[in-house]
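One structure is given here, and the rest of the page talks about it.
Number of protein chains: 2
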Amino acid sequence: MKIIPLGGLEQIGMNITAFEYGDSIIVVDCGLAFPEDEMFGIDMVIPDVTYLEENIDKVKGFVITHGHEDHIGALPYILRSVNVPVYATRLTMAIIENKLEEHKQVESTDRHVCTFGQTIELGDFSVEFIKTNHSIVDAAALAITCAAGTVIHTGDFKVDYTPVFGDAIDLARFAELGEQGVLALLCDSTNSEEPGFTESERTVGTAIDRIFEQYSGTRVIIATFASNVDRVQQIVNSACKYGRKVVVEGRSMVNIIETAEPLGCLKIPDNTLVNVDDLKLYPEAKTVIITTGSQGESMAALSRMADGTHKKVTIGPGDTVIFSSDPIPGNEKAITGVINKLLKKGAEVIFQDVHVSGHPKQEDVKLIYTLVRPRFAIPVHGEYRHLKAQAKIAAELGIPSDRVFILRNGDILELDGENARMNGHVQTGGVFVDGFSVGEVGSSVLHDRQKLADEGIVIVSLALYYDEGILAAGPEMTSRGFIYEKLDEVDENKAEAEAALREAVMDCIASTDLSNGQNRNRLRNTIKDCLGSYFWKRIKRRPMILPIILDI
Amino acid sequence: MKIIPLGGLEQIGMNITAFEYGDSIIVVDCGLAFPEDEMFGIDMVIPDVTYLEENIDKVKGFVITHGHEDHIGALPYILRSVNVPVYATRLTMAIIENKLEEHKQVESTDRHVCTFGQTIELGDFSVEFIKTNHSIVDAAALAITCAAGTVIHTGDFKVDYTPVFGDAIDLARFAELGEQGVLALLCDSTNSEEPGFTESERTVGTAIDRIFEQYSGTRVIIATFASNVDRVQQIVNSACKYGRKVVVEGRSMVNIIETAEPLGCLKIPDNTLVNVDDLKLYPEAKTVIITTGSQGESMAALSRMADGTHKKVTIGPGDTVIFSSDPIPGNEKAITGVINKLLKKGAEVIFQDVHVSGHPKQEDVKLIYTLVRPRFAIPVHGEYRHLKAQAKIAAELGIPSDRVFILRNGDILELDGENARMNGHVQTGGVFVDGFSVGEVGSSVLHDRQKLADEGIVIVSLALYYDEGILAAGPEMTSRGFIYEKLDEVDENKAEAEAALREAVMDCIASTDLSNGQNRNRLRNTIKDCLGSYFWKRIKRRPMILPIILDI
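Protein sequences, first through last, are from chains A and B. Take the first sequence: its letters are residues 0 to 551, numbered as in numbering that gives the first Met the number 0. Take the second sequence: its letters are residues 0 to 551, numbered as in numbering that gives the first Met the number 0.
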């Protein structure tokens with residue numbers, strides 16, 4: 000059996016792992032990654048699945064653990080070249096179908112809704128869906144069995160003994176499989192640096208109740224992750240308890256509610272939801288607005304409210320705004336910006352103790368390891384520091400260090416029933432999605448964008464008579480994102496730069512045979528050298544310098 | 000008396016406040032701000048001091064509270080136009096002088112070293128330096144007195160009963176001034192959202208001792224803020240206690256030690272410091288390296304060690320790396336990147352509980368307010384959320400809300416002995432420093448850089464015969480940071496775009512009188528419209544399109 004992570008390790012997002020045995024490959028999850036700061040202009044990153052494309056005849060299907068973007072977001076793109084059946088639980092599949100619909104791919108995709116406890120046969124593999132808890136309903140762990148043995152992939156999970164919807168994680172099944180013998184455990188490492196247990200989602204409901212009681216005289220606005228259906232359920236519950244009408248703002252929040260309610264994952268009593276336009280019909284203190292934007296996303300509903308650009312909701316001293324979320328690393332400043340704006344408008348802002356994580360902390364991880372008793376431990380889902388932290392936990396639990404594998408994307412881990420070893424590497428990587436363009440923006444484009452962002456560009460254009468190689472027009476200097484902004488501005492430094500440029504160009508033309516298209520590069524280099532050293536000497540800047548030579 | 004914050008409010012950094020009475024203005028601090036993410040290519044931001052320049056005859060001096068960049072960093076730039084005497088305590092002045100030396104401004108600046116308890120006369124003002132504690136030695140609060148009364152500016156401070164160097168904060172003097180009557184208190188708000196007390200710097204020494212004991216078999220590398228001389232002192236103390244030699248890495252760390260030691264602010268026993276080149280002469284477990292880079296700064300010594308590009312220090316399994324620092328908001332991802340790299344090299348990494356803040360938490364703030372009993376409260380040093388949090392504390396302490404002022408930069412707060420009111424506004428703002436250029440990069444340049452970073456640039460150049468207005472050469476399409484990267488690459492989409500461009504240009508030339516330089520803008524707009532709509536339709540992107548027309 001081969002385990003080949005094609006994404007998701009040593010990074011946040013883009014979870015996708017291939018399992019291979021004989022002529023069968025199954026793929027667990029197919030997520031996207033959000034772009035890093037330095038990936039200018041990129042919308043999202045999807046995994047390079049060359050390995051799957053090259054072995055397309057073996058690939059039996061995608062098995063999806065839950066409906067978060069970092070586990071399903073790349074499906075519409077990847078299904079174009081790897082069009083195999085998709086297996087997922089009910090809500091997960093409903094969310095996938097929404098996504099496929101946007102890309103007009105519902106019809107062309109073979110979809111199978113699975114239930115917990117169900118086992119599907121995929122070539123040489125059988126895969127069982129095991130109930131877990133997470134910050135989205137219908138999350139599953141997978142028991143993946145082939146002739147070499149059983150491997151458990153936890154997906155993203157937490158241990159919640161008192162979940163809001165449905166059952167607690169099926170610990171008994173983990174124990175049963177552990178009894179039968181588990182070859183390897185791929186376990187969620189996100190919170191493996193955090194001591195203790197992750198608290199139940201239900202504790203958040205209690206916190207929300209308390210806030211509704213304390214702020215009974217004001218309107219309440221709660222921002223949270225759209226996909227957290229249980230959170231929405233608890234806000235609705237509190238609203239009903241305290242006689243508030245509920246307004247839902249933000250497209251993704253509306254979408255998830257429209258998806259989850261018909262499936263029975265979310266129960267909203269009649270006469271609870273009201274349209275935002277009808278808000279004014281109710282006393283402010285009898286309303287609550289559930290909204291997107293808890294991460295300070297600039298286009299989300301909460302940010303527009305904070306900016307005063309939301310068309311329907313105006314924030315004022317009568318408002319209490321709750322961030323029912325923790326900042327995702329990298330979003331701290333954006334969130335603080337939104338908090339500052341809300342406070343300036345006079346709102347009360349609550350941003351502590353109204354959230355719990357959806358991932359297992361150290362004691363939860365120990366529980367799963369202890370039930371499963373895997374022969375090999377493979378920490379997954381996290382940056383290196385998180386994987387390493389889980390490896391430490393595995394060691395504390397007595398798993399010998401040569402049975403703990405911290406893999407990198409593309410590593411091939413080979414297991415028989417007894418032994419495991421690293422054996423080779425497949426191509427992996429991130430493919431940039433930029434508008435409609437998939438994979439066309441590469442590292443040289445990004446490198447240029449970085450340079451343009453930091454220093455701007457200076458363009459020098461001139462025309463030569465081709466036959467004679469003498470100047471017909473120019474050189475003209477134009478810049479964007481550089482200190483001398485506009486062509487038509489009078490600037491003595493710019494004039495000096497132009498004089499230096501003209502002299503260098505004239506010297507080069509006089510001393511170089513440019514006839515019949517010869518020596519164009521020499522002229523280009525002259526322009527780059529002259530302006531490059533001029534700008535560095537005068538203002539310690541290195542803009543991109545782009546000479547354009549037209550031949551007449 | 001007028002209090003006019005020229006920077007530092009509703010932002011992090013760039014602290015500068017003017018106090019005006021009659022014909023006298025004094026200025027407290029003159030800091031810089033580090034650029035925000037969207038300020039592409041900007042090195043730093045300094046305050047707009049137009050108000051000081053316009054009232055230069057009144058300005059009696061800069062009084063500096065302590066030696067951090069956000070309080071002194073703009074001095075070399077501002078002194079060029081506002082060349083007045085500078086007053087500061089010993090270490091603060093030494094750091095300022097280092098800075099002035101870099102700018103060759105030592106000789107041209109009138110400098111006065113002040114001691115705690117000393118009162119200086121500046122026009123209609125007298126200013127007393129009061130001993131405080133902070134994450135840098137020699138920090139001072141200021142009691143600023145004029146005929147209208149006494150105002151206390153705390154500067155950045157903490158209450159440390161057991162400081163590492165020098166005395167505890169002079170609480171008795173705060174109490175005495177409180178007895179005599181204080182008109183207004185400008186108090187540090189940085190940690191006003193945090194409950195409890197800020198712990199003593201000395202607790203960090205205990206933590207470092209414990210780590211040295213636990214990791215007695217490995218080399219220790221500690222990253223911290225260069226300016227925290229007390230922290231360096233405690234690391235040196237632990238090193239001596241456990242018989243380790245100390246190496247100092249990172250230019251700013253070396254600088255501060257060379258500045259602090261001759262003043263007696265830092266005591267390093269003989270035979271403790273060794274040169275990095277001599278590291279190999281000692282067993283690894285008998286060495287400690289103090290380094291910069293605790294915020295993940297890409298060029299700092301620790302980042303170079305993590306990258307494997309540091310010339311003298313190679314990280315391996317025998318190393319324990321300590322982050323003696325908290326992440327400054329916005330730096331989380333960079334720090335995590337460094338931690339991941341260090342762990343991959345096999346080092347042990349410790350990043351919790353080896354740091355304390357230099358700013359007062361809620362109970363410390365209450366202590367100062369209670370001692371000073373100000374008539375008016377003016378929270379300073381922080382974003383709006385922090386100022387607001389301190390305003391809440393002031394309210395809890397019984398200060399009526401009409402005596403609490405949350406000011407914005409540029410606000411003029413007028414106080415007599417009895418009343419306070421907002422009365423007008425002066426010009427303020429951030430001036431961008433970009434290399435040697437101060438104030439030349441404005442918002443339009445930054446806007447262009449943003450656009451270039453997100454979408455790249457497409458340049459279309461062509462040459463026209465001036466008299467006839469007919470095409471001589473081109474149109475040629477060149478791009479940078481856009482999908483079609485290189486001119487010489489064969490790309491069918493690019494070819495299609497070029498064909499569309501050529502057709503539009505030809506149509507325009509045929510239908511427009513371009514002779515004698517006419518209608519150049521029409522041709523430019525044709526190019527922009529044609530390519531703009533082509534790219535949007537085909538790939539949903541809007542690159543910057545720059546037409547360049549050369550006239551022959």
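Backbone N, C-alpha and C define an ideal beta-carbon position, used for all residues, glycine too. No experiment lies behind these values; they were computed from the predicted model shown.
- With a 10 Å radius around the Cβ and a threshold of 16 neighbouring Cβ atoms, N270 (chain B) comes out exposed.
- In chain A, no part has a C-beta under 8 Å from the C-beta of L513 (chain B); the shortest such distance is about 14 Å.
- Counting of Cβ neighbours within 10 angstroms places P316 (chain B) among the exposed residues, the total staying below 16.
- Comparing alpha-carbon positions, the option among A:W535, A:A174, A:P542 and A:E35 lying closest to R479 (chain B) turns out to be A:P542.
- Straight-line measurement puts the Cα of T223 (chain A) at about 16 Å from the Cα of P328 (chain A).
- For N520 (chain A), the enclosing alpha helix (DSSP H) begins and ends at R519 to I538.
- Note on geometry: alpha-carbon atoms of Y241 (chain B) and I207 (chain B) lie some 11 Å from one another.
- The shortest C-alpha to C-alpha distance from G397 (chain A) to any of A:F375, A:K387 and A:G409 is the one to A:F375.
- Listed along the chain, the chain A residues whose CB falls inside 7 Å of the CB of A393 (chain B) amount to none; the nearest CB is some 15 Å away.
- Following the DSSP letters along the chain, one finds L170 (chain A) inside the alpha helix (DSSP H) bounded by residues L170 to Q179.
- Residue contact with chain B for P46 (chain A): absent (no Cβ-Cβ distance below 8 Å to any residue of chain B).
- Boundaries of the alpha helix (DSSP H) harbouring S251 (chain B): R250 to A259, taken from the DSSP string.
- With distances taken between CA atoms, I256 (chain B) lies nearest to B:I289 out of B:I289, B:D277 and B:A139.
- Beyond the five residues adjoining it in sequence on each side, G531 (chain B) comes within less than 7 Å, by CB distance, of R541 and I544 in the same chain, given in chain order.
- Per DSSP, reduced to three states, the secondary structure at F115 (chain B) is coil, with no helix or strand assignment.
- Here the alpha carbon of E35 (chain B) sits roughly 44 Å from the alpha carbon of L463 (chain A).
- Cβ neighbours of R201 (chain B) within its own chain (closer than 7 Å, five residues either side excluded): T161 and V163.
- When DSSP assignments are scanned along the stretch 283 to 361 of chain B, the uninterrupted stretches of alpha helix (DSSP H) that are 4 or more residues long and fall wholly within it turn out to be 300 to 306 and 331 to 343.
- Taking CB atoms only, Y383 (chain A) has a neighbour in chain B less than 8 Å away.
- Annotated as proximal: I25 (chain B) and V62 (chain B), with beta-carbon spacing under 8 Å.
- Within the DSSP secondary-structure output, G60 (chain B) pairs in a beta bridge with B:I25.
- Relative to the Cα of D433 (chain B), the nearest Cα in the group B:Y383, B:F39, B:L8 and B:D447 belongs to B:F39.
- Under the three-state reduction of DSSP, G6 (chain B) is assigned to strand.
- Note that the C-beta distance between A138 (chain A) and I377 (chain A) is not below 8 Å.
- For F33 (chain B), no Cβ of chain A is located within less than 8 Å of the residue's own Cβ.
- For G40 (chain B), the residues of chain A that pass the 9 Å Cβ criterion are A452, D453, E454, G455, G480 and R540, in the order they occur in the chain.
- Between I151 (chain A) and V371 (chain A), the beta carbon gap of about 6 Å places them in contact (Cβ cut-off 8 Å).
- Within the same chain, Cβ atoms closer than 6 Å to the Cβ of I458 (chain A) are found at T477 and L545, the five residues on either side in sequence being excluded.
- Of the candidates A:F156, A:A472 and A:P46, the residue whose Cα lies closest to the Cα of S460 (chain B) is A:A472.
- K279 (chain A) is outside the set of residues whose beta carbon lies under 8 Å from a beta carbon in chain B.
- Contact between L90 (chain B) and G66 (chain B) holds: their C-beta atoms lie close to 6 Å from each other, under 8 Å.
- The Cβ of V444 (chain B) sits closer than 8 Å to at least one Cβ of chain A.
- For I538 (chain A) and G455 (chain A), the gap between their C-alpha atoms comes out near 14 Å.
- P328 (chain A) reaches chain B at E331, K332 and T335, counting residues in chain order whose Cβ is nearer than 7 Å.
- L445 (chain B): member of the alpha helix (DSSP H) spanning S442 to E454, first to last residue.
- For L341 (chain A) and V247 (chain A), the gap between their C-alpha atoms comes out near 19 Å.
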